[in-house]
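Residue numbers (this note's numbering): 133 to 293. Please read the structure below before turning to the comments.
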């Protein structure tokens, strides 16, 4: 008897969410692994600048010459060094940088890009109720219309990497 093909996958539109943390960098390995299973996969890298930081940044932009272009160059370099440099041949990646509510922007981007899968690292440093999961991750999992792969950094330690 031949195996029954999975009704979902391989995933063609993966939304990878990063805050440039160690956990996000580790979760990127999972996005790459999923992308390798499809010959026509695109990873969308999404970074959301949280609203309080964005408001400070917008105010600061008007006070310092060329800070917006420097910030853009710094962000591009960080993305290139941490992620683009790790892409295997044939895997496509788009970059989307937004500001505002992290969870709302993740969900909006997933809808706009018709994501098959969202991959996000688990942080979990907020209130007692969210200690083991993370407020942003919890909201994304609860409201997403596609599967969400939540990658805890503790998995890397367990695997001895």
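Glycine included, every Cβ here is placed at the ideal spot set by N, Cα and C.
**Message:** Output needed for residue 242: all residues of its chain with C-beta closer than 7 Å, excluding positions within five of it in sequence on either side, in chain order.
**Reply:** Excluding positions up to five away in sequence, the list reads 147, 250, 276 and 278.
**Continuous alpha helix (DSSP H) assignments of at least 4 residues falling wholly in the stretch 198-235** = Runs found: 199-214.
**Prompt:** Which whole-angstrom value is the C-beta distance of residue 152 and residue 214, which I expect to be below 8 Å?
**Reply:** Correct: roughly 7 Å between the Cβ atoms.
**Request:** Note down the Cα distance separating residue 219 from residue 240, rounded to an integer number of angstroms.
**Result:** Going by the C-alpha atoms only, they are around 25 Å apart.
**Request:** Please name the residue in 244, 182 and 238 whose C-alpha comes closest to that of residue 231.
**Result:** Check the Cα spacing between residue 231 and each of 244, 182 and 238: the tightest is with 182.
**Message:** I'd like the list of long-range same chain contacts for residue 162, defined as Cβ closer than 7 Å, with 5 residues on each side in sequence excluded.
**Reply:** Cβ neighbours of residue 162 beyond the five flanking positions: 251, 281 and 283.
**Exposed unless 16 or more other CB atoms sit within 10 angstroms - verdict on residue 234** = That one is buried.
**Prompt:** Are residue 179 and residue 228 close, meaning C-beta to C-beta below 9 Å?
**Reply:** With a cutoff of 9 Å on beta-carbon distance, residue 179 and residue 228 are scored as near each other.
**Message:** So the candidates are 206, 141, 207 and 223; which of them puts its Cα closest to the Cα of residue 160?
**Reply:** It is 223 whose Cα lies nearest to the Cα of residue 160.
**Message:** Once the 5 residues before and after residue 237 are set aside, which same chain residues still bring their CB inside 6 Å of it?
**Reply:** Residues 180 and 230 of the same chain have their beta carbon placed closer than 6 Å to that of residue 237, with the five preceding and five following residues left out of the count.
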